[in-house]
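Structure first, commentary second.
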Amino acid sequence: MNADREPNRLPLRAGAMLLLAVAVVFVGLGWHSAATSGQSPEEGLRDAQASVATTSTPASSSATSASTSERLCVINAGSVSGLASEVTDDLKAKGFTMSSPSNYDGGSFTENTILYRDSSQKAEAQKVATALGSSPSVEQRPSSFTMCRDGIAVVVVTR
Numbered sequence: 001m002n003a004d005r006e007p008n009r010l011p012l013r014a015g016a017m018l019l020l021a022v023a024v025v026f027v028g029l030g031w032h033s034a035a036t037s038g039q040s041p042e043e044g045l046r047d048a049q050a051s052v053a054t055t056s057t058p059a060s061s062s063a064t065s066a067s068t069s070e071r072l073c074v075i076n077a078g079s080v081s082g083l084a085s086e087v088t089d090d091l092k093a094k095g096f097t098m099s100s101p102s103n104y105d106g107g108s109f110t111e112n113t114i115l116y117r118d119s120s121q122k123a124e125a126q127k128v129a130t131a132l133g134s135s136p137s138v139e140q141r142p143s144s145f146t147m148c149r150d151g152i153a154v155v156v157v158t159r
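Numbering (full-length UniProt numbering), first residue to last: 1 to 159.
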């Protein structure tokens, strides 16, 4: 009975275990990718929809003087629960274009900070700082800060 088998073939059980191991590796890689992306899938979907909406609709000529063409992302880096939502609502009422508020747990911020991408956003970041009124610092975004890549990040720590 065993004379018909080739000696170099893997048994069926070994092949199944190999496939199971490969599946576990791919599931682990997928989980790691999702966990370290720094952005929830819902936020990514909203950002994609917002970019499509802003490129397909003309700008409104009746915008308020505080309004910017840049999208603002308010990020709570402090321990005050709901702070990012409060600041988002405040800036939206002042005419700014907002994305959904989020949280940051990197721990490197000690004061309210406005982060702009490059010199073309600096004037807009100053307008946001003036609108907030709590004298936040205005700085160019470090390359290690990956949240709100396309807009101006408003990192809040305190009220």
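Glycine included, each C-beta is placed from N, C-alpha and C at the ideal position.
> Are there three or more Cβ pairs, one per stretch, closer than 8 Å when the region 88–101 is compared with the region 133–145?
Replying inline: When Cβ pairs closer than 8 Å are counted between the two stretches, the region 88–101 is seen not to touch the region 133–145, the count staying below three.
> With a CB to CB cut of under 7 Å and the five nearest residues on each side skipped, what residues in its chain are close to Asn8?
Replying inline: Cβ within range, chain order: n/a, list empty.
>> Just verifying my parser: in three-state terms, what is the DSSP assignment at Ser99?
In response: Secondary structure of Ser99 (DSSP, three-state): coil.
> Nearest to Tyr116 by alpha carbon, out of Glu139, Val157 and Thr146?
Replying inline: Selected option, being the one with the closest Cα: Glu139.
>> Taking the alpha-carbon of Arg71 as reference, which of Ala14, Lys92 and Thr110 has the nearest alpha-carbon?
In response: Cα-wise, what sits closest to Arg71 is Lys92.
> Is it true that the CB of Glu111 sits closer than 8 Å to the CB of Val157?
Replying inline: Yes, the Cβ-Cβ distance between Val157 and Glu111 is below 8 Å.
> When you compare only the Cα positions, how much space is there between Thr146 and Val25?
Replying inline: Those two C-alpha atoms are separated by around 27 Å.
> For Val138, does the three-state DSSP call read helix, strand or coil?
Replying inline: In this structure, Val138 counts as strand in the three-state DSSP scheme.
> Can you name, in chain order, every residue of its own chain whose Cβ lies under 6 Å from the Cβ of Ile114, other than the five neighbours on each side?
Replying inline: Counting only Cβ-Cβ distances below 6 Å, and skipping sequence neighbours, we find Ala125, Val128, Ala129, Pro136, Val138 and Val154.
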